[in-house]
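**Q**
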Amino acid sequence: ADVFLVRGVVAFRPFKSLEVGGRFGFGTTDAPGTSEDGSGATDLDAYGKWVFANVSQDLDFTAGLLVTIPTGDDAVGLGFDAFSSQAFGGVRYHLDSVVLGGHLGVRFNGDGSFQGNKLTGKTSFEMGVSALFPLANHVSLVGEFQIETDRFEHVDAATQLLVGANWRACGRGMFRGAVAGGLTD
């Protein structure tokens, strides 16, 4: 199936090192040869993270928690009808012409459903790496690779590659145009 998503992130910092926020989205799916396509909301993610900035020169760490609320339309493949929670940690290292990043996480998945199929939740592990290539003051290219072990019984691990561009349109907002492709079913 092909999926087109528009996602947004709203975040704020009540303290210098604490960020809280949420991620939401809307999308459409197109599954040729089936009746499982349509449009609707995606699952909602709420998170809190603590940023340990400048732990050493050009090195930042992050630790946080994320909760997924099943608001997505699982009938058309935009959600899993399952609550989940995740603990994660990340690192970012600034070089002269690139910013390298990585993260690790463990997610506890509840039971749910996807396009009419019942799902039994499992504990999954996630790992990702990224690179940001600044082109100008407000524009950078981005590349990400992410893998997550099976979240549900009888569902394979998810692996994806993303490439795109970030544009910091104003001091407190950013737009990202990107294409992501799954490397597994």
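In the working numbering, the protein residues as written are 37 to 221. Where is the CB? At the ideal position from N, CA and C, for every residue including glycine.
In terms of DSSP beta bridges, what is Val112 paired with?
**A** According to DSSP, which records beta bridges pairwise, Val112 is partnered with nothing at all.
**Q** Give every residue of the same chain whose Cβ lies closer than 8 Å to the Cβ of Gln151, excluding the five residues on either side of it in the sequence, and list them in chain order.
**A** Glu72, Asp110, Ala111, Val112 and Gly113
**Q** Less than 6 Å between C-beta atoms, sequence neighbours within five positions excluded: which residues of the same chain meet that for Ala226?
**A** Residue 226 lies beyond the residue range present for the chain, which begins at 37 and ends at 221; the question has no answer from this structure.
**Q** Would you kindly work out how many angstroms separate the C-alpha atoms of Leu155 and Ser149, rounded to a whole number?
**A** Distance between the alpha carbons of Leu155 and Ser149 is about 5 Å.
**Q** Assess contact between the segment 181-190 and the segment 200-209, defined as three or more Cβ pairs (one per stretch) separated by less than 8 Å. Is contact present?
**A** no
**Q** Under 9 Å, do Val178 and Asn153 count as touching if we go by C-beta distance?
**A** No.
**Q** Along the chain, where does the beta strand (DSSP E) containing Thr159 start, and where does it finish?
**A** Thr159 to Pro170
**Q** Please look up how many angstroms separate the CB atoms of Gly164 and His139, rounded, as I've assumed it's under 8 Å.
**A** 5 Å
**Q** Quick one: residues in its chain with C-beta nearer than 6 Å to the C-beta of Glu55, no 5 flanking neighbours on either side, listed in chain order?
**A** Cβ neighbours of Glu55 beyond the five flanking positions: Ala47, Arg49 and Lys85.
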